[in-house]
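Q: Following this message is one structure expressed as structure tokens.
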Amino acid sequence: MSGVALDHVSKQFGSVRGVEDVHIDIRPGEFFTFLGPSGCGKTTTLRMIAGFYYPTSGRIRFGNQDVTTLPPNKRNTGMVFQNYALFPHMSVFENIAFGLEVRKLPKSEIRDKVERALKLVHLEGYGNRRIDQLSGGQQQRVALARALVIEPQILLLDEPLSNLDAKLREETRFEIKRLQLELGITTIYVTHDQAEAMSMSDRIMVMQNGVVQQIGTPEDIYHRPLNRFVASFIGETNLWEGTVVGIEGDEVRVEIAPGLVLSGYLNNASPQCQIRRGEKLAVSVRPESVQEADPEKADAANVVTGSVIISEFTGATVHYISEAAGNRLRATFVNQGHRVKQRGEELSLLIPKESIYFVG
Numbered sequence: 000m001s002g003v004a005l006d007h008v009s010k011q012f013g014s015v016r017g018v019e020d021v022h023i024d025i026r027p028g029e030f031f032t033f034l035g036p037s038g039c040g041k042t043t044t045l046r047m048i049a050g051f052y053y054p055t056s057g058r059i060r061f062g063n064q065d066v067t068t069l070p071p072n073k074r075n076t077g078m079v080f081q082n083y084a085l086f087p088h089m090s091v092f093e094n095i096a097f098g099l100e101v102r103k104l105p106k107s108e109i110r111d112k113v114e115r116a117l118k119l120v121h122l123e124g125y126g127n128r129r130i131d132q133l134s135g136g137q138q139q140r141v142a143l144a145r146a147l148v149i150e151p152q153i154l155l156l157d158e159p160l161s162n163l164d165a166k167l168r169e170e171t172r173f174e175i176k177r178l179q180l181e182l183g184i185t186t187i188y189v190t191h192d193q194a195e196a197m198s199m200s201d202r203i204m205v206m207q208n209g210v211v212q213q214i215g216t217p218e219d220i221y222h223r224p225l226n227r228f229v230a231s232f233i234g235e236t237n238l239w240e241g242t243v244v245g246i247e248g249d250e251v252r253v254e255i256a257p258g259l260v261l262s263g264y265l266n267n268a269s270p271q272c273q274i275r276r277g278e279k280l281a282v283s284v285r286p287e288s289v290q291e292a293d294p295e296k297a298d299a300a301n302v303v304t305g306s307v308i309i310s311e312f313t314g315a316t317v318h319y320i321s322e323a324a325g326n327r328l329r330a331t332f333v334n335q336g337h338r339v340k341q342r343g344e345e346l347s348l349l350i351p352k353e354s355i356y357f358v359g
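Counting with numbering that gives the first Met the number 0, you get residues 0 to 359 for the letters of the sequence shown.
Given below as structure tokens:
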């Protein structure tokens, strides 16, 4: 088991920036995710770790070993590709055994390792099947078994669930996390899906346009985003532009629009955020932190009264989008059997001060 360190790694493709100054230290046994929209540089970074690309600048280390210019076959990594990259003319057994045969292991040892790998991914008895006889989820597990059977130091997964339907994606996500915990293998996972990243990762690196925006635990990134991009990209949020109109003790008052002023706490701000009177900043409020307010207390602090634009009943939850003072406010409530308000009805919502986060 080995950690992975990228020391100020950059990658240029001619005049185009692929990745700029990525500096991370992934701990042994950690499940670390690269998260961001398409084209943000996450797959480029993964491919440099795998050895398919060499950095334009910077160094890559596995533990104490510098692997910056080491070819892929010398790095002892296992990789699962987005399209699985299975050999259609080979059986399940032959696909999984391929890497072991390249290493010229004895046939008896190959057989034992493949059988263990099939058991690990719950595909016992599937060894003789053709690839086209498998479902998408089963093919994904074959690809995972092929990556694990060589006993790699590092497991690399590039959007491995993107071709699966929603239910199968959830089931396979659980299986990948189960395997990672069971084996204790250092795992680097690439995805654009926030739910995957949040539910599976020990830590997440959020990227945009080849630049790292934030590294942290799912909780840190969700509750304490460093900038507007992270706040808006991770989960749902209400993100409003405002101006600081008052500072009293540990409280800050921000005007979002005429007649719409919200109060929050000074210490609930990103490090880049300058809190001073007249300063422009963004206010982030997660929908699930919003509470339904007593209509009779509509003039109380941080109570916003508006008109329902959209209401969505999902069974477990009720989602509202309302409009007040020209701004839209999303709110999510756990269903407790109350009547769901419909479009055009008035809705008073309380935004707790501790739920407001200021972003520079």
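Beta carbons: idealized from backbone N, C-alpha and C, even for Gly.
Check residue 184 in the structure and name its three-state DSSP category.
A: Taking the first residue of the sequence shown as 1, we reach residue 184 at position 185. Coil.
Q: Helix, strand or coil for residue 134? Go by DSSP, reduced to three states.
A: Within the sequence shown, the letter at position 135 stands for residue 134. Note: residue 134 maps to coil in three-state DSSP.
Q: So the candidates are 165, 154, 163; which of them puts its Cα closest to the Cα of residue 183?
A: Looking up residue 183 in the sequence shown gives position 184. For the set 165, 154, 163, the Cα lying nearest the Cα of residue 183 is the one of 154.
Q: Could you name the residues of the same chain whose beta carbon sits closer than 6 Å to that of residue 76, not counting the 5 residues immediately before and after it, in chain order?
A: The residue you call residue 76 lines up with position 77 of the sequence shown. For residue 76, where only same-chain residues beyond five positions count, the Cβ hits under 6 Å are 49, 151, 153, 155.
Q: Specify the secondary structure class of residue 278 as computed by DSSP and reduced to three states.
A: Mapped onto the sequence shown, residue 278 falls at position 279. Here residue 278 sits in coil by DSSP.
Q: Can you tell me whether residue 258 is buried or exposed, with buried defined as 16 or more other CB within 10 angstroms of its CB?
A: Looking up residue 258 in the sequence shown gives position 259. Answer is exposed; the Cβ neighbour count stays below 16.
Q: Could you check whether the segment 33-52 touches the segment 115-129, counting it as contact only if at least three pairs of C-beta atoms, one from each stretch, sit closer than 8 Å?
A: no
Q: Among the candidates 42, 1, 43, whose CA atom is the shortest distance from the CA of residue 25?
A: Locating residue 25 in the sequence shown gives position 26, where the first residue counts as 1. Comparing Cα positions, the closest option is 1.
Q: Using DSSP with H/G/I as helix, E/B as strand and the rest coil, what is residue 360?
A: Residue 360 is absent from the structure shown; the chain starts at 0 and stops at 359.
Q: Taking the beta carbon of residue 59 as the centre, do at least 16 other beta carbons fall within 10 Å, making it buried, or is it exposed?
A: By 1-based counting over the sequence shown, the position of residue 59 is 60. It counts as buried.
Q: Please state the DSSP three-state secondary structure of residue 322.
A: If you number the sequence shown from 1, residue 322 lands on position 323. Looking at residue 322 - three-state DSSP - the assignment turns out to be strand.
Q: From the DSSP output, read off the bridge partner residues of residue 47.
A: Along the sequence shown, one-based indexing puts residue 47 at 48. BP columns for residue 47 are empty, so no partner.
Q: Per DSSP, what are the beta-bridge partners of residue 164 in this structure?
A: Here residue 164 refers to the residue found at position 165 when the sequence shown is read from its first residue. BP columns for residue 164 are empty, so no partner.
Q: Output yes or no for whether 9 Å exceeds the beta carbon distance between residue 199 and residue 33.
A: One-based indexing of the sequence shown puts residue 199 at position 200. One-based indexing of the sequence shown puts residue 33 at position 34. No; because the gap between Cβ atoms is not below 9 Å, this pair is not in contact.
Q: Which same chain residues, not among the five before or five after residue 311, have their C-beta less than 6 Å away from its C-beta?
A: On the sequence shown, position 312 is the one that residue 311 refers to. 318.
Q: For the segment 126-141 against the segment 161-168, are there 3 or more C-beta pairs whose distance is under 8 Å?
A: yes
Q: So within the segment 178-238, which uninterrupted beta strand (DSSP E) runs reach at least 3 residues, ignoring any that extend past its ends?
A: 185-190, 202-207, 210-215
Q: State whether the segment 172-191 contacts the segment 206-217, with contact taken as three or more CB pairs (one from each stretch) at a distance under 8 Å.
A: These segments do not touch.
Q: Look at the alpha carbon of residue 346 and the alpha carbon of residue 290, and state the distance between them as a whole number of angstroms.
A: In the sequence shown, residue 346 corresponds to position 347, counting from 1. In the sequence shown, residue 290 corresponds to position 291, counting from 1. Whole-angstrom Cα-Cα distance: 11 Å.
Q: Helix, strand or coil: how does DSSP classify residue 315 here?
A: Counting from one through the sequence shown, the residue named residue 315 turns up at place 316. Three-state DSSP puts residue 315 in coil, outside helix and strand.
Q: Alpha carbons only, please: which of 81, 279, 92, 149 is nearest the one belonging to residue 74?
A: On the sequence shown, position 75 is the one that residue 74 refers to. Minimum Cα distance to residue 74 is reached at 149.
Q: According to DSSP, residue 157 sits in a beta bridge with which residue or residues?
A: Here residue 157 corresponds to residue number 158 of the sequence shown, with the count starting at 1. BP columns for residue 157 point to 189.
Q: Label residue 129 either buried or exposed according to how many other C-beta atoms from any shown protein chain fall within 10 Å of its C-beta, with 16 as the threshold for buried.
A: Taking the sequence shown and counting its residues from 1, one reaches residue 129 at position 130. Exposed, because fewer than 16 other Cβ atoms sit within 10 Å of the Cβ of residue 129.
Q: For residue 350, which residues of its own chain have a beta-carbon under 7 Å away from its beta-carbon, when the five flanking residues on both sides are left out?
A: Here residue 350 refers to the residue found at position 351 of the sequence shown. Around residue 350, the same chain offers 261, 284, 289, 301, 303 as residues with beta carbons nearer than 7 Å, after the five sequence neighbours per side are excluded.
Q: Rounded to a whole number of angstroms, what is the C-alpha to C-alpha distance between residue 344 and residue 306?
A: Position 345 of the sequence shown, counting from 1, holds the residue named residue 344. Position 307 of the sequence shown, counting from 1, holds the residue named residue 306. Distance from the CA of residue 344 to the CA of residue 306, rounded to the nearest whole angstrom, comes to 6 Å.
Q: Mind checking which residues open and close the alpha helix (DSSP H) that includes residue 96?
A: As a working note, residue 96 is residue 97 in the sequence shown. Taken as a continuous stretch (DSSP letters only), the alpha helix (DSSP H) holding residue 96 covers 91-101.
Q: Residues in the same chain with beta-carbon distance under 7 Å from residue 54, minus the five sequence neighbours each way, listed in chain order, please.
A: Within the sequence shown, residue 54 is the residue found at index 55, counting from 1. Contacts found: 8, 9, 10, 47, 67.
Q: Three-state secondary structure (DSSP) at residue 139?
A: Residue 139 sits at position 140 when you count from the first residue of the sequence shown. In this structure, residue 139 counts as helix in the three-state DSSP scheme.
Q: Starting from the C-beta of residue 43, find all residues in its chain whose C-beta is less than 7 Å away, skip the five residues before and the five after it, and write them out in chain order.
A: Mapped onto the sequence shown, residue 43 falls at position 44. Excluding positions up to five away in sequence, the list reads 10, 17, 18, 52.
Q: Using beta-carbon positions only, say whether residue 268 and residue 356 come within less than 9 Å of one another.
A: Locating residue 268 in the sequence shown gives position 269, counting from the first residue. Locating residue 356 in the sequence shown gives position 357, counting from the first residue. Yes. Within cutoff.
Q: Nearest-angstrom Cα distance between residue 299 and residue 14?
A: Residue mapping note: residue 299 aligns to position 300 of the sequence shown, counting from 1. Residue mapping note: residue 14 aligns to position 15 of the sequence shown, counting from 1. Rounded to whole angstroms, residue 299 to residue 14 spans 55 Å at the Cα level.
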